[in-house]
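Chains as they are written, first to last, in my numbering: chain A, 4 to 75; chain B, 13 to 308.
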């Protein structure tokens, strides 16, 4: 029996690859909220570095996505 | 043959546009293949040149609207650059290349989002007719981003060579100085015989790190922009016209953020290679001397 495993491989690549960045972005968001809660005046200063850190974490999930696309 | 024609006419009804991992070729100039990503890259350059020429012609002491907008952008960007480099003199050197890269990446990211992407060629693909848009975000092609990343990393090393000297940059990677210290410092400090090979090996790791820099820099940008295009395409396939709109705004934001990240990392790399790491070493020597005094 020949199973087409490439679909499963794609799903696994994205699914497993998204776990880490998901946790990471959650932590970043949580810490940013905490910081804003402690010091609401610093919201504008926190927002941009937070977005940058989010983008760095997100990039890792996107590596997984590119790998998933390149699986034939 | 007739069957072939039959199948193609049947499939005209569902013209597929598969978002491919690679940029699709549009036309050829001799042996040179012009892909749609290359085309939008040229368009981006053209847009930048046009804006630059317009700005240059209307440059005034009291700025008009366009000049005002760009002055605000440049001021903010220069402040951000200062925060990274910690010195105005250094950021004045790095800033021109960083802001150029920023605008090039930004315009390329946004060109992929334009509805002009709806114009394109119909070509016979593997499965019947395939739609090929004229414009594909230049950064949605891995060749563009690798070229930019290689430029950034090599440029950073060249900048380091020009600012702190070729010998120091060479020693950062192939640490002959540390090996040399085995012979010069062995009488003062016996541990150098263990420390020096480790320092040498760390230098080699730094060399590998440069290639990692190229890979991470290029795939971050490519992945984000390409994933955005795929996201928009799949959203449009789910529910056309209305569902993609919020994602379109998201992609505009992602385009800015990724351009910002790319140029900021470029500034960081330039700054790192322009700072002299020996300064810390000298600080360490001072501590060593202090310890020797205490021992005596």
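Beta carbons are placed, not taken as given, at the ideal position from N, Cα and C, and that holds for glycine.
Inset, instruction - Establish whether the CB of residue 8 of chain A and some CB of chain B are separated by less than 8 Å. - result: Here residue 8 of chain A refers to the residue found at position 5 of the first chain. It does not: the Cβ of residue 8 of chain A has no partner Cβ on chain B nearer than 8 Å.
Inset, instruction - Could you tell me the distance, in whole angstroms, from the CA atom of residue 45 of chain A to the CA atom of residue 36 of chain A? - result: Sequence index remark: in the first chain, residue 45 of chain A carries index 42 (1-based). Sequence index remark: in the first chain, residue 36 of chain A carries index 33 (1-based). Rounded to the nearest angstrom, the two C-alpha atoms are 11 Å apart.
Inset, instruction - Compare the C-beta of residue 31 of chain A with all C-beta atoms of chain B and state if any pair is closer than 8 Å. - result: Here residue 31 of chain A refers to the residue found at position 28 of the first chain. It does not: the Cβ of residue 31 of chain A has no partner Cβ on chain B nearer than 8 Å.
Legend entry - Delimiting residues of the beta strand (DSSP E) encompassing residue 231 of chain B: Translated into positions along the second chain, residue 231 of chain B becomes position 219. If you look at residue 231 of chain B, you'll find it isn't in any beta strand (DSSP E); it sits in the alpha helix (DSSP H) that goes 204-250.
Legend entry - Simplified DSSP state of residue 74 of chain B, which is helix, strand or coil: For the purposes of this step, residue 74 of chain B is taken as the residue at position 62 of the second chain. If DSSP states are grouped into helix, strand and coil, residue 74 of chain B belongs with coil.
Legend entry - Beta-bridge partners of residue 45 of chain B, as assigned by DSSP: To locate residue 45 of chain B, count along the second chain from 1; it is residue 33. DSSP, once it has assigned bridges, lists B/40 as partnering residue 45 of chain B.
Legend entry - residue 249 of chain B to residue 62 of chain A span [Cα, whole Å]: As a working mapping, residue 249 of chain B is identified with position 237 in the second chain. As a working mapping, residue 62 of chain A is identified with position 59 in the first chain. Residue 249 of chain B and residue 62 of chain A: Cα-Cα distance of roughly 25 Å.
Inset, instruction - Could you tell me which chain A residues have their CB closer than 8 Å to the CB of residue 235 of chain B, listed as they occur along the chain? - result: Looking up residue 235 of chain B in the second chain gives position 223. Near residue 235 of chain B (Cβ distances below 8 Å), the residues of chain A are 62, 65, 66, 68 and 69.
Inset, instruction - Compute the distance between the beta-carbons of residue 39 of chain B and residue 154 of chain B, then report whether it is under 8 Å. - result: Numbered from 1 along the second chain, position 27 holds the residue referred to as residue 39 of chain B. Numbered from 1 along the second chain, position 142 holds the residue referred to as residue 154 of chain B. For residue 39 of chain B and residue 154 of chain B, no; Cβs fall outside 8 Å.
Inset, instruction - Rounded to whole angstroms, what's the CA-CA distance from residue 276 of chain B to residue 163 of chain B? Just pull it up for me. - result: For the purposes of this step, residue 276 of chain B is taken as residue 264 along the second chain, with counting starting at 1. For the purposes of this step, residue 163 of chain B is taken as residue 151 along the second chain, with counting starting at 1. Roughly 14 Å separates the two Cα atoms.
Legend entry - Cβ of residue 58 of chain A within 8 Å of any chain B Cβ: Along the first chain, one-based indexing puts residue 58 of chain A at 55. Judged by the 8 Å Cβ criterion, residue 58 of chain A is in contact with chain B.
Legend entry - Residue nearest to residue 21 of chain A in terms of C-alpha spacing, selected from A/41, A/66, A/74 and A/9: As a working note, residue 21 of chain A is residue 18 in the first chain. Ranking the options by Cα distance to residue 21 of chain A, first place goes to A/66.
Inset, instruction - Consider the Cβ of residue 55 of chain A: report whether some Cβ of chain B lies at a distance smaller than 8 Å. - result: Numbered from 1 along the first chain, position 52 holds the residue referred to as residue 55 of chain A. It does; some Cβ of chain B falls within 8 Å.
Inset, instruction - Note down, in chain order, all residues in the segment 84-97 of chain B with a beta-carbon under 8 Å from any beta-carbon belonging to chain A. - result: Correct list: empty, as no residue qualifies.
Inset, instruction - Kindly give me the distance between the Cβ atoms of residue 110 of chain B and residue 278 of chain B, rounded to whole angstroms, as I take these residues to be in contact under 8 Å. - result: Looking up residue 110 of chain B in the second chain gives position 98. Looking up residue 278 of chain B in the second chain gives position 266. So it is a contact: roughly 5 Å between Cβ atoms.
Legend entry - Proximity of residue 192 of chain B and residue 152 of chain B at Cβ, strictly below 8 Å: Position 180 of the second chain holds residue 192 of chain B. Position 140 of the second chain holds residue 152 of chain B. No, they are not a contact pair.
Legend entry - Minimum C-alpha distance to residue 271 of chain B - residue among B/71, B/198, B/107 and B/119: Your numbering for residue 271 of chain B matches position 259 in the second chain. Nearest of B/71, B/198, B/107 and B/119 to residue 271 of chain B, Cα basis: B/119.
Legend entry - residue 148 of chain B at chain A interface by Cβ criterion, 8 Å: Along the second chain, read from residue 1 onward, the residue named residue 148 of chain B stands at position 136. Not one chain A Cβ lies under 8 Å of residue 148 of chain B.
Legend entry - Contact set for residue 44 of chain B: own chain, Cβ-Cβ below 8 Å, skip 5 residues either direction: Locating residue 44 of chain B in the second chain gives position 32, where the first residue counts as 1. Taken in chain order, the list of residues that qualify is empty.
Inset, instruction - Return the chain-ordered ranges of every alpha helix (DSSP H) run that is complete within the segment 179-206 of chain B and spans a minimum of 4 residues. - result: Within the segment 179-206 of chain B, the complete alpha helix (DSSP H) runs of at least 4 residues fall at 188-197.
Inset, instruction - Kindly indicate which residue of B/269, B/82, B/176 and B/72 has the alpha-carbon position closest to the one of residue 282 of chain B. - result: Sequence index remark: in the second chain, residue 282 of chain B carries index 270 (1-based). Residue nearest to residue 282 of chain B within the set B/269, B/82, B/176 and B/72 is B/176 (criterion: CA-CA distance).
Inset, instruction - Anything in chain A within Cβ reach of residue 231 of chain B, meaning under 7 Å, just list it in chain order. - result: As a position in the second chain, residue 231 of chain B is number 219, starting the count at 1. Ordered by position in chain A, the residues that pass the 7 Å Cβ test against residue 231 of chain B are 66 and 69.
Legend entry - Under 8 Å (Cβ pairs) to chain A, residues found in the segment 27-58 of chain B: Within the segment 27-58 of chain B, the residues whose Cβ lies closer than 8 Å to some Cβ of chain A are 33, listed in chain order.
Legend entry - residue 239 of chain B: contacting residues in chain A (beta-carbon distance under 8 Å): Position 227 of the second chain, counting from 1, holds the residue named residue 239 of chain B. Within 8 Å Cβ-Cβ: 65, 68 and 69.
Legend entry - Entirely enclosed alpha helix (DSSP H) segments - the segment 57-114 of chain B, minimum 4 residues: Runs found: 77-97.
Inset, instruction - Give the straight-line distance between the Cα atoms of residue 236 of chain B and residue 33 of chain B, rounded to the nearest whole angstrom. - result: Translated into positions along the second chain, residue 236 of chain B becomes position 224. Translated into positions along the second chain, residue 33 of chain B becomes position 21. Distance between the alpha carbons of residue 236 of chain B and residue 33 of chain B is about 13 Å.
Legend entry - First through last residue of the alpha helix (DSSP H) which encompasses residue 31 of chain A: The residue given as residue 31 of chain A occupies position 28 in the first chain. Going by DSSP, residue 31 of chain A is part of the alpha helix (DSSP H) stretching over 9-41.
Inset, instruction - Determine whether the Cβ of residue 273 of chain B lies closer than 8 Å to any Cβ atom of chain A. - result: The residue given as residue 273 of chain B occupies position 261 in the second chain. With 8 Å as the cut-off, residue 273 of chain B counts as an interface residue toward chain A.
Legend entry - Alpha-carbon to alpha-carbon, residue 179 of chain B and residue 67 of chain B: As a working note, residue 67 of chain B is residue 55 in the second chain. As a working note, residue 179 of chain B is residue 167 in the second chain. Taking the straight line from one Cα to the other gives about 42 Å.
Legend entry - Rounded separation between residue 190 of chain B and residue 56 of chain A - CA only: By 1-based counting over the second chain, the position of residue 190 of chain B is 178. By 1-based counting over the first chain, the position of residue 56 of chain A is 53. Answer to the nearest angstrom: the Cα atoms are 35 Å apart.
Legend entry - chain A contact residues for residue 193 of chain B, given Cβ-Cβ distances below 7 Å: Working through the second chain from its first residue, we reach residue 193 of chain B at position 181. Chain-ordered listing is empty here: chain A has no CB closer than 7 Å to the CB of residue 193 of chain B, the nearest sitting near 37 Å.
Legend entry - Rounded C-alpha distance that separates residue 293 of chain B from residue 105 of chain B: Counted from its first residue, the second chain places residue 293 of chain B at position 281. Counted from its first residue, the second chain places residue 105 of chain B at position 93. Low confidence applies here, because residue 293 of chain B scores a pLDDT of 49, under 50, leaving its location unreliable and the question unanswered by this model.
Legend entry - residue 227 of chain B Cβ short of 7 Å to the ligand COA heavy atom set: This structure lacks the ligand COA, and indeed carries no ligand of any kind.
Legend entry - Near-chain A residues of the segment 254-272 of chain B - C-beta to any C-beta below 9 Å: Residues passing the 9 Å Cβ filter: 265, 266, 269, 270 and 272.
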